[in-house]
Amino acid sequence: LGALEFSLLYDQENSSLHCTLIKAKGLKPMDSNGLADPYVKLHLLPGASKSNKLRTKTLRNTRNPVWNETLVYHGITDEDMQRKTLRQAEELGRPAARISVCDEDKFGHNEFIGETRVSLKKLKANQKKNFNICLERVIPVDRGGDVEERGKILVSLMYSTQQGGLIVGIVRCVHLAAMDANGYSDPFVK
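See below:
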């Protein structure tokens, strides 16, 4: 899948997290020409608001992109650093940053190449930390303690012979993870 080189810096005084995406090497070919049009998506976990998601510019026709691009999260507190994870492209329910590398397609859907995740509590304030990490297809989720952290949902199920289908009812949800910047969630069921 390839490897991703990046650095993270928590600027405590300015309450900001700087993620510098340096380059990737040996990305999986995604296009018919044997190349890819890669970009990187960052996702600060837990949280689903747009302010938790950032992305780099797309570089065309390369499997070895060099971005040298810094993306900055503002308003990051010491508490956030203890409870968030940077997701660089599966949510753990634990604080993390997710970093995903994707292939942009002009026609059709953008394709996922690989991802890595970094727990922010590994960072020391005002000290840049460099990473060179092999991308993974899907990072396995540790089901140990995170199920409780995501919340609970009580559903009712009934098969209707009249309608010839399953009727699903949502009774209630409790202990939902805070997904918005304001610390609350706007839950819905699909």
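For the sequence shown, UniProt numbering gives the first residue as 1, with consecutive numbering after it.
Heads up, the beta-carbon is just placed ideally off N, CA and C, and yes, glycines get one too.
{"query": "Under 9 Å between C-beta atoms of A36 and A3", "result": "no"}
{"query": "Classification of residue 192 by the beta-carbon crowding that lies within 10 angstroms, buried from 16 upward", "result": "Lying before the first or after the last residue shown, residue 192 is absent from the chain, which here runs from 1 to 190."}
{"query": "DSSP beta-bridge partners of residue 192", "result": "There is simply no residue 192 to check, as the chain begins at 1 and stops at 190 in what is shown."}
{"query": "Contact check, L17 vs L44, beta carbons under 9 Å", "result": "yes"}
{"query": "Same chain, Cβ closer than 7 Å to V174, five either side skipped, listed in chain order", "result": "G151 and K152"}
{"query": "Per-residue DSSP class, three states only, for L120", "result": "helix"}
{"query": "I113 vs D105 beta-carbon contact at 9 Å", "result": "no"}
{"query": "Beta-carbon contacts of R137 that lie in its chain and below 7 Å, excluding the five residues immediately before and after", "result": "L1 and G114"}
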